[in-house]
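One structure is given below, encoded as structure tokens.
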Amino acid sequence: MSEKKRWITLRFLGYAIPMFLVVYILSSGPVLAFILNENTFYNDVDFALSVINFYAPMILVARSNTMLSDCFDVYMDFWNKLI
1 MSEKKRWITL
11 RFLGYAIPMF
21 LVVYILSSGP
31 VLAFILNENT
41 FYNDVDFALS
51 VINFYAPMIL
61 VARSNTMLSD
71 CFDVYMDFWN
81 KLI
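Residue 37 in full-length UniProt numbering sits at position 37 of the sequence shown, and the numbers go up by one each step.
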């Protein structure tokens with residue numbers, strides 16, 4: 001791999017990975033609020049468990065720190081009220 005291609009790949013990864021993490025974190029609010037909201041009558045339990053498992057690493061990290069847990073709770077409350 002030439003030096004220019006390596007630099008382009010590293011620059012792409014330097015931008016793509018943080019963007020994917022931001023989208024992953026921000027998408028948790030509306031998705032989990034929709035799945036866990038009792039007013040949506042969502043009956044597909046397998047899909048709901050898959051979604052919860054997809055966001056489980058973020059939830060575990062959020063619950064391991066008091067400040068992150070408070071922020072996560074406020075963010076989820078915001079989306080629960082919105083949906």
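Virtual Cβ for every residue (Gly too), placed ideally from N, Cα, C. The structure displayed is predicted, hence computed values, not measured ones.
For this session: To the nearest angstrom, report how far apart residue 28 and residue 80 are at their CA atoms.
Result: What you label residue 28 is simply residue 28 of the sequence shown in a count that begins at 1. What you label residue 80 is simply residue 80 of the sequence shown in a count that begins at 1. Those two C-alpha atoms are separated by around 12 Å.
For this session: Let me know the secondary structure DSSP gives residue 3 once reduced to three states.
Result: The residue labelled residue 3 in the question sits at position 3 within the sequence shown. Note: residue 3 maps to helix in three-state DSSP.
Exercise. Between residue 21 and residue 4, what straight-line distance do the alpha-carbon atoms span, to the nearest angstrom?
Worked result: Taking the sequence shown and counting its residues from 1, one reaches residue 21 at position 21. Taking the sequence shown and counting its residues from 1, one reaches residue 4 at position 4. Cα to Cα, residue 21 sits roughly 26 Å from residue 4.
For this session: Use the C-beta contact count for residue 33: other C-beta atoms within 10 angstroms, 16 or more gives buried, fewer gives exposed.
Result: Along the sequence shown, read from residue 1 onward, the residue named residue 33 stands at position 33. Classification of residue 33: buried, given that the 10 Å Cβ count is 16 or more.
Exercise. Quick one: what does DSSP say residue 65 is sitting in, helix, strand or coil?
Worked result: Walking along the sequence shown from the start, residue 65 turns up at place 65. Residue 65: coil per DSSP, three-state reduction.
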